[in-house]
Structure formats: C-alpha cells, structure tokens
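Working notes, beginning with the structure itself.
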Amino acid sequence: VEELVRPKCNHPLFLMERNNGATLERFKASGNGVLFAAGGMWDGIDIPGGIVTSLMIVRLPFQAPTPVSKYMQSRFSSTREYMEECVIPDMLCKLKQGVGRLIRSEEDTGVVAILDSRVGKKGAYRKAVLEALPKCELTSNPARLYRFLSQEKIKSEGGVDYGARV
Numbered sequence: 001v002e003e004l005v006r007p008k009c010n011h012p013l014f015l016m017e018r019n020n021g022a023t024l025e026r027f028k029a030s031g032n033g034v035l036f037a038a039g040g041m042w043d044g045i046d047i048p049g050g051i052v053t054s055l056m057i058v059r060l061p062f063q064a065p066t067p068v069s070k071y072m073q074s075r076f077s078s079t080r081e082y083m084e085e086c087v088i089p090d091m092l093c094k095l096k097q098g099v100g101r102l103i104r105s106e107e108d109t110g111v112v113a114i115l116d117s118r119v120g121k122k123g124a125y126r127k128a129v130l131e132a133l134p135k136c137e138l139t140s141n142p143a144r145l146y147r148f149l150s151q152e153k154i155k156s157e158g159g160v161d162y163g164a165r166v
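Numbering follows this note's numbering, with no gaps: position 122 of the sequence shown is 122.
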C-alpha cells in the first residue's frame with residue numbers, strides 16, 4: 001500500500017511495525033505525516049492533540065481464526081450465535097479502540113473513513129458499527145470531507161488547506 005501512495009502523496013510516510021516507538025515519534029514530529037498502522041498497532045498507541053487528522057480503516061478488525069477461537073465456536077449451537085456473542089463484539093471493541101486514536105477528547109476533530117463494504121449502505125455490519133461509534137455526520141462525498149477538514153482543522157489547529165488538494 002505504501003508503494004501505491006508514495007508517488008501521489010506530498011507528505012512523509014511512516015510504516016508502523018510492532019514495538020516501533022521511534023517511528024511513532026518521527027510521525028508525531030513530522031506535523032503532517034501519513035502513518036500506516038494496522039491491527040495490533042492500535043494497542044497502547046497514544047497520539048494526543050490534533051496530530052491525527054484522519055483515520056482510514058480498510059477492513060473491519062475481525063480477529064483471524066485461531067485454535068482457541070475454533071474451540072470457542074464449537075461451544076455454541078450455531079455459527080451465527082458465536083458471531084453475535086463473541087466475534088462481532090470483539091471486532092467492535094477493536095474498532096472503537098482504533099477510532100479512539102483520532103478522537104481523544106471533546107476538542108478533537110477528524111475524519112474516520114471505513115472503507116470496508118460490509119459497512120456500506122447495505123452492509124451486514126453497518127448498523128452495529130454505527131451504533132458502536134460516537135454520533136457524527138456521515139458522508140460518502142469527498143468534497144464534504146475536504147470542506148470539513150479545511151474549515152474545522154485549519155480553524156482549530158492552523159493546519160494545511162486540504163481543499164486545495166482535491
């Protein structure tokens with residue numbers, strides 16, 4: 001993904017790997033970097049203030065099957081019951097934790113983009129995801145996102161004019 005983004009991005013790019021605090025510090029110091037991080041990278045990361053402008057979630061954070069999860073599933077009467085009781089709540093908890101990297105306080109603003117089609121207008125997990133996350137404006141209009149970033153982020157943080165990058 002980084003290789004696809006680099007030629008089109010005028011900002012420094014950082015790839016976060018496990019236990020790589022140095023990368024996180026370089027991202028914070030950059031002021032306008034793009035941080036690529038997934039799954040376990042959300043655990044224990046603290047990026048206070050307005051450093052994070054947007055969070056893009058490519059796939060919902062479902063846990064990969066393990067021998068333990070397969071055993072747990074065998075204890076339920078159906079796969080559907082197992083999903084509703086274990087898998088979906090775990091995914092929602094991880095999703096909220098990820099969104100928490102962007103929205104740390106009432107003063108924080110930003111854009112959370114969930115690109116997983118399972119949260120689309122007819123997606124199987126749309127209702128559960130929207131109920132789990134803080135109430136906010138929903139849009140699929142990129143121009144609205146640029147307008148929001150330009151108006152809100154610049155006003156609150158003296159940031160970059162995102163509208164000029166359409």
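Cβ atoms here follow ideal geometry from the backbone N, Cα and C, with glycine treated the same way.
Beta bridge counterpart(s) of M56 as assigned by DSSP: By one-based count along the sequence shown, residue 56 stands at place 56. A113.
Neighbourhood of R126 by C-beta distance below 6 Å, restricted to the same chain and skipping five residues each side: Working through the sequence shown from its first residue, we reach residue 126 at position 126. Cβ within range, chain order: V119.
Proximity to F148 [Cα-Cα], best of I88, T66 and V112: Indexing the sequence shown from 1 puts residue 148 at position 148. Ranking the options by Cα distance to F148, first place goes to V112.
Same chain, Cβ closer than 6 Å to F76, neighbours up to 5 away in sequence not counted: Sequence index remark: in the sequence shown, residue 76 carries index 76 (1-based). Y82.
Cβ pair count under 8 Å reaching 3, the region 9-29 against the region 85-92: no
Whole beta strand (DSSP E) elements within the region 58-130, 3-residue minimum: 111-114
Buried/exposed call for R101, threshold 16 Cβ in 10 Å: One-based indexing of the sequence shown puts residue 101 at position 101. Classification for R101: buried.
I57 beta carbon less than 8 Å from that of L115: Counted from its first residue, the sequence shown places residue 115 at position 115. Counted from its first residue, the sequence shown places residue 57 at position 57. Yes. Within cutoff.
Outcome for L55 when other beta-carbon atoms lying within 10 angstroms are tallied against a minimum of 16: Taking the sequence shown and counting its residues from 1, the one referred to as residue 55 is at position 55. Its Cβ being crowded by 16 or more others within 10 Å, L55 is buried.
Enclosing beta strand (DSSP E) for L15 [first to last residue]: Sequence index remark: in the sequence shown, residue 15 carries index 15 (1-based). Run containing L15: L13 to L15, per the beta strand (DSSP E) assignment.
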